[in-house]
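Protein chains in written order, with the working numbering: chain P, -15 to 92; chain L, 30 to 140.
Don't be surprised by glycine CBs; every beta carbon is placed ideally from N, CA and C.
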Amino acid sequence: RKEVEQDPGPFNVPEGATVAFNCTYSNSASQSFFWYRQDCRKEPKLLMSVYSSGNEDGRFTAQLNRASQYISLLIRDSKLSDSATYLCVVIRSYIPTFGRGTSLIVHP
Amino acid sequence: EAGVAQSPRYKIIEKRQSVAFWCNPISGHATLYWYQQILGQGPKLLIQFQNNGVVDDSQLPKDRFSAERLKGVDSTLKIQPAKLEDSAVYLCASSLEAEQFFGPGTRLTVL
């Protein structure tokens, strides 16, 4: 089993839709969790950190479920500009592991 | 604030040739990472430095890949000899705390 798993998608949604991605991790000793965004042929950039208490930034909400070992990202009111690949990152013993990414396509 | 610099941006070589990539992290960032990203996949950590010491290199193919970070600042990643499956984008990142800042990457094509 891979340490970090994501559904690669693509998720194809209309503007204004709500979309959610999950990312599961295998090692319960994992300590920190993040979502990064990667645009086509660009480098990844931090989108948000993920906490057990939840983290909200505008239209984006991230959640951590330690019991079930997954993190989630919810995007409300999708915009065309949200089209990108969303990568989850899990850190254990200061070493990061990226998921393969979930592709989101928002269409008019 | 200047970002992470990488060079070259693109490189095309033939299999069995050698290639080297260079990375200059954000000033003051102690941690430096090299990743390999194959098309359609997430970045795979090759090596992680803390200052000039290696934190993790468990996924670095040491028979052909090598990396160094002299003086705890700039870093180079070398592949010798290259194979077709090394075609990928090589990303360098640096961090002060948890957030990683990535450079634009070097796109390597091995023919």
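DSSP, read as helix, strand or coil, puts K100/L in helix. Every beta strand (DSSP E) stretch that sits fully inside the stretch -13 to 75 of chain P and reaches 3 residues is listed by chain position as -12 to -10, -5 to -2, 3 to 9, 16 to 22, 29 to 34, 39 to 41, 44 to 49, 54 to 59. For G101/L, the CB contacts under 7 Å within the same chain, skipping 5 residues up- and downstream, are N80, N81 in chain order.
Taking a contact to require three or more Cβ pairs closer than 8 Å, the stretch 63 to 77 of chain P and the stretch 98 to 117 of chain L do not qualify as touching. Shown here for D86/L: same chain residues with a beta carbon closer than 8 Å to its own, the five before and five after excluded, namely L75, I76, Q77, A96 in chain order. Scanning Q35/L, V48/L, I108/L for the CA closest to the CA of K91/L turns up I108/L. Between the stretch 49 to 57 of chain L and the stretch 115 to 126 of chain L, the count of Cβ pairs shorter than 8 Å is three or higher; the stretches touch.
Closer than 9 Å at the C-beta level to chain P, one finds these residues of the stretch 68 to 100 of chain L: G69, Q70, G71, P72, K73, L74, Q77, Q79, V84, D85, S87. Interface with chain P (8 Å Cβ-Cβ cutoff): A111/L is excluded. Cβ neighbours of E(-1)/P within its own chain (closer than 8 Å, five residues either side excluded): S62, K63, L64, V90, H91, P92.
Among the bridge pairs identified by DSSP, H91/P is matched with P(-2)/P.
At a cut-off of 8 Å between beta carbons, E(-11)/P makes no contact with chain L. Judged by DSSP secondary structure, P80/P falls within the beta strand (DSSP E) whose first and last residues are 79 to 82. Within 10 angstroms of the beta-carbon of G69/L lie fewer than 16 other beta-carbons, which makes it exposed. The three-state reading of DSSP puts L113/L in helix, counting H, G and I together. Here the C-alpha atom of E(-13)/P lies approximately 30 Å from the C-alpha atom of R38/L. Burial state of L113/L is exposed, judged by a 10 Å Cβ sphere holding fewer than 16 other Cβ atoms. In the DSSP assignment, L75/L falls within the unbroken beta strand (DSSP E) covering 73 to 79. In terms of Cβ geometry, V34/P and I55/P form a close pair [threshold 8 Å].
Near chain L, meaning a CB-to-CB distance below 9 Å, the residues of the stretch 27 to 48 of chain P are E27, P28, K29, L30, S33.
Under DSSP, S124/L shares a beta bridge with T60/L, Q129/L. For the 8 Å CB-CB criterion, P133/L and Q35/L form a contact.
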